Each structure stands twice: as C-alpha cells, then as structure tokens.
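Worksheet: the structure to be examined is printed underneath.
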Ligand code: KG4
Ligand code: ZN
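Residue numbers (our numbering): 10 to 349.
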C-alpha cells in the first residue's frame, strides 16, 4: 500500500508544506518571512500574521509541484510544537480543517523529532542514499534547541544532554547581534569566519561535566570583551570582523564537539548524525568529518535544504507515525513546549 502525507510546518518564521509518498519526497515548498529582518529577531505577532497569508498558497504549490491531487492525500501531519504558539496555531488549524474536510487522519508532530528524522527523507532521484542505522546519536543544533539524543528507532528517542540556557543557534545569533550583524547571524558568521583566524582571540569554555551544554556565559564574555575593545578603538569590530567571527565560531563548535565525543564514548555508539539549522555551519561539518576519521564514526550530515526548518521533515515523521497508526484527535492543541 502506498501512503501519501501532506506535511505542514509553521513553528517559527518559515511557512512550509511538503508532500511525501512512502519515503520519497515529492515536494517541499518553503516561504521564509522577510518581515522580521528590521527587528533583529522573530516578532511572534508578525510571524503568525505572515503564516496566515502564506499557508494556502504554500500548500497549493506543494500539491502542484508534487503533481498530487488533494484527494490522494492519506493523512495530514503538522508541527504540534515546540515553537511560537500563535504560529503553531495557524498550521494546526489549517491541518485540522484539511483533514476534517477530507475525512483523513490528523498527525501532530514534534518539531525536534522531525529535525532528527530529516535524515530519512529520500529524494527519488537519489534512492540509494545512506541513512543512519539504529541506534544512532544525533546532535540537534538549532536556533531554539541544543540536544544530544540516542535514537533507538524512528519514534523512540532519549535526550541524554541538552543546553541549560541558550541554544547553539542563539549563541551565533546573539554574538552576531553584538557585532552589529543582521538576524539570523549564523550564516554570516560562517561566511566571515572562512577569511579569519580562529585563534586570534580566545574565550573560555563552560566547565560542565555532564553531557549538558551552556552558552550564556560565552555570550556575556564576548559582549564584555567587545565593549572593552570598542572603548579604546571604535573601529575595532569592523577592522577585526573576520577574526572575531572565526574565533567565536571556533569556540562554539569546540564546545559542541567536546560533548559529542563524550556522548559517543559514554554510549559506545559510533553512528553519528547532526541536524538543525546550525548543522549547516561549515566548521561544524568539517569538525564532524575530522572526528569521524579519528574515532571511526559513520557520520550523517543532512543536505542543506533539510537542516533549517522545512515541512519535508514533518511529512517524513508523519509517514512513520502513520505506519504505527499514531493519530491525533481533532481536539489536539499546539504546545509551545512539547517534550518527546
Ligand atoms: O533549525 P532552524 O532553522 O530553526 C529552529 O528550529 O530554530 O535553525 C535556525 C538557526 C539560527 O540560529 C541560524 O543562525 C542558524 O540556525 N544557522 C547557522 C547557519 N545556518 C543557519 N548557524 C551557523 N552557521 C550557519 N551556516
Ligand atoms: Zn527547527
């Protein structure tokens, strides 16, 4: 039996819809909201309004691109949380209306599980893609979360370490903000860092023995460091931007990798995946490759279009939930915080 899933993602500032048939991706449409740029961060009220404007055209385009009629959709999967409540409401209301009108199952998806399962999205033109074998370790690094997870099966995951304050993406974005870079600063820091010296400036790393992360101390240290330097030389940031980006990126990535190595040693798992927006970072990818060679890991790095928020990851998670008949009632509510 073939299963066709419509996936909807609206947890933050991207409205996205995707069609997946069995494990194969038929379409993945993403409309990124530009409206937040002027504010240096996502404005929740503006995000939900933009989702409302985008959702129908985005779903329409996803169906057209997939060449699938809405009568062929077997279930609707949507992001139930975590995320911005107003934004999640738009996606969940749309999903409910669609499922109700077609009398098909509704599947609420955890956004973080979906980031991890993005490794299982198969492009029909590359059917032989290698996917992680269970159990594997996944380092999920996004704008809102930083987690180390043991993935025992598609829907059987255990968090073994996570941030106690800021997420890795926030560490990038907030460091960028104090340097005057536009939001989100992660990709820009990545670009500038390529031309800088990662050892030009050094910042202390947090001393946490467990598998948990912390980034807020680094953010504060960076802010005070810049404040002192700018006091003596107002052009300090502009003149040292590349070295600053390279050094702060080096420190963030070093913190991320130290715990990943520790998690692999503690669990004995050598199947290693990364996921989430920060997995797009070139130094993260470079370091994971280097560590793979040193530690005999099999590594899985998602394709760029599946690292940042997208509905394809929601649809593939919906597919695996459909197979296990994990459906939701129509009174299911979105949750800003949603454990798995
Ligand atoms: O997973 P994602 O799209 O959204 C959330 O669920 O949060 O992640 C967005 C985060 C932002 O903090 C952004 O700055 C960061 O991913 N990011 C990067 C890069 N591309 C995106 N950080 C560092 N280097 C990149 N190349
Ligand atoms: Zn995300």
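Note that the Cβ used here is the ideal one computed from N, Cα and C, for glycine as well.
If you're wondering where the values come from, they're calculated on a predicted model, not measured in any experiment.
Checklist line | Through-space distance from residue 73 to residue 66, alpha-carbon basis | finding: Separation of residue 66 and residue 73 (C-alpha to C-alpha, rounded to the nearest whole angstrom) is 10 Å.
### 7 Å Cβ shell around residue 163 - same chain, five flanking residues per side excluded
Correct list, in chain order: 126, 329.
Considering only heavy atoms of ligand 1, does any lie closer than 7 Å to the CB of residue 318?
For ligand 1, at least one heavy atom lies less than 7 Å from the Cβ of residue 318.
Query raised in the report: Quick one: does the C-beta of residue 120 sit closer than 7 Å to a heavy atom of ligand 2?
Result: Set against 7 Å, the gap from the CB of residue 120 to the closest heavy atom of ligand 2 is smaller.
Handout entry: Residues bridged to residue 282 [DSSP beta-bridge criterion]
Key = 147, 309
- request: Leaving aside the five residues before and after residue 187 along the sequence, list all residues of the same chain whose C-beta is less than 7 Å from its C-beta, in chain order.
  value: 231, 232, 235
For the alpha helix (DSSP H) containing residue 58, name the first residue and the last one.
Counting along the chain, the alpha helix (DSSP H) containing residue 58 begins and ends at 53-75.
Q: Output the distance between the C-alpha atoms of residue 158 and residue 129, rounded to the nearest integer angstrom.
A: 16 Å
- Task: Have a look at residue 182 and residue 336 and give me their C-alpha separation to the nearest angstrom.
- Result: 36 Å
Between residue 255 and ligand 1, is the CB less than 7 Å from at least one heavy atom?
-> Incorrect: residue 255 has no Cβ contact closer than 7 Å to ligand 1.
_Any heavy atom of ligand 2 closer than 7 Å to the beta-carbon of residue 124?_
yes
* To do: Consult DSSP for residue 292 and reduce its assignment to one of helix, strand or coil.
  => helix
How many Å lie between residue 96 and residue 343 at the Cα?
9 Å
If contacts are defined as beta-carbon pairs under 8 Å, then residue 14 and residue 29 qualify, I think. What distance do you get, rounded to the angstrom? 5 Å
| request: Determine the extent of the beta strand (DSSP E) in which residue 25 is found, giving its start and end residues. | output: 23-30
Is the Cβ-Cβ distance between residue 309 and residue 133 less than 8 Å?
-> no
- Item | Spatial distance of residue 304 from residue 253 (CA atoms) | For residue 304 and residue 253, the distance between alpha carbons rounds to 30 Å.
Which residues mark the beginning and the end of the beta strand (DSSP E) in which residue 111 is found? Annotation for residue 111: no beta strand (DSSP E) segment contains it, though the alpha helix (DSSP H) segment containing it runs 94-111.
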